[in-house]
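Presented below is the structure to which this report refers.
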Amino acid sequence: CVLLFSCQQPLLPVDVHVQRVSIRLGLIGKKVTPDQAHPLLQALLPQDSRSIYDFHKGLLRHGQRICVFERPRCNKCPITDLCDYYKKIYL
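Last residue of the sequence shown: 136 (the numbering used here), numbering continuous.
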């Protein structure tokens, strides 16, 4: 996080929220750890610090507020059309 936030280096931090949302969206596999997810997700993004920051903050906030670990709030989610988890559970 320090390299991205303070030094503005284009390196994606992957915490449990980013990992969980990425798995549910189908961006990474279910057994992918945060360490393994880093290069996989990084490869999907433009390699500039602003894009990576926006992606990180978006997934982090989404994972903290809507796509929570237990009982995700899918009824409030604006991206269910992109979500593998939603399609599997609700469709």
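We put the CB at the ideal spot given by N, CA and C, even for glycine.
Rounded to whole angstroms, what is the Cα-Cα separation between residue i and residue j?
{"i": "residue 118", "j": "residue 93", "result": "31 Å"}
{"i": "residue 48", "j": "residue 100", "result": "Caution is warranted here: a pLDDT of 45 is assigned to residue 48, below 50, making its placement in the model unreliable, and no coordinate value can be reported."}
{"i": "residue 113", "j": "residue 63", "result": "11 Å"}
{"i": "residue 54", "j": "residue 88", "result": "15 Å"}
{"i": "residue 127", "j": "residue 120", "result": "14 Å"}
Taking DSSP as the reference, what is the three-state secondary structure of residue i?
{"i": "residue 118", "result": "coil"}
{"i": "residue 79", "result": "helix"}
{"i": "residue 129", "result": "helix"}
{"i": "residue 59", "result": "coil"}
{"i": "residue 49", "result": "Summary for residue 49: the model assigns pLDDT 49, below 50, so the residue's position carries little reliability; its value from the coordinates is reported in the next sentence. Residue 49: helix per DSSP, three-state reduction."}
{"i": "residue 113", "result": "coil"}
Do residue j and residue i have their beta-carbon atoms positioned less than 7 Å apart in this structure?
{"i": "residue 97", "j": "residue 105", "result": "no"}
{"i": "residue 66", "j": "residue 107", "result": "yes"}
{"i": "residue 57", "j": "residue 86", "result": "yes"}
{"i": "residue 122", "j": "residue 111", "result": "yes"}
Which residues in the same chain have their Cβ closer than 8 Å to the Cβ of residue i, if we skip the five residues on either side of it in sequence?
{"i": "residue 95", "result": "none"}
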